[in-house]
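A.B. asks: Read left to right, the sequence shown gives residues 9 to 96 (our numbering). Below are the structure tokens for one structure; questions will follow.
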Amino acid sequence: MYTSQLVNLDVYLQIVILLLDSGLSACLAIAQVGKNGNSHAGWLPLCEQVPKYCDHVKGALISGFVALIIYFLLLLYSFYNVWLKAYE
């Protein structure tokens, strides 16, 4: 019974980690374009013109990485608890 729950938990948590990781990757891409611009598209860097933009993006990146680390620790804790119940 607990083995099937462990598999279900694994699938659900992997999906959430992938969504969190993809959002963080998109934020990193936007931060890079905002900081350096894109010479191929003719986009100028935004950080020189709008300094608050880079501050907001920096805050979003920091909170995203903190959320990813906390979620990963919760994932390990959940796996440990389910594993203990499965092999009692």
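We put the CB at the ideal spot given by N, CA and C, even for glycine.
Express the C-alpha separation of ILE38 and LEU81 in angstroms, rounding to a whole number.
C.D. replies: Roughly 27 Å between the two C-alpha positions.
A.B. asks: Sort GLU96, TYR88 and SER47 by Cα distance to ASP18 and report the nearest one.
C.D. replies: ASP18 has its Cα closest to that of TYR88, out of GLU96, TYR88 and SER47.
A.B. asks: Quick one: residues in its chain with C-beta nearer than 7 Å to the C-beta of GLN13, no 5 flanking neighbours on either side, listed in chain order?
C.D. replies: Cβ within range, chain order: VAL90.
A.B. asks: Roughly how many angstroms separate the alpha carbons of ILE23 and GLN57, rounded to a whole number?
C.D. replies: So the alpha carbons of these two residues sit roughly 38 Å apart.
A.B. asks: Just to confirm the assignment: which complete alpha helix (DSSP H) runs, minimum length 4, are found wholly within the segment 15-59?
C.D. replies: Runs of the alpha helix (DSSP H) inside the segment 15-59: none found.
A.B. asks: Assuming LEU52 and GLY45 make a contact with CB atoms under 8 Å, what is their CB distance in whole Å?
C.D. replies: About 5 Å separates the two Cβ atoms, so the contact holds.
A.B. asks: What is the rounded straight-line gap between the Cα of SER47 and the Cα of PRO59?
C.D. replies: If I take the Cα positions, the gap works out to 20 Å.
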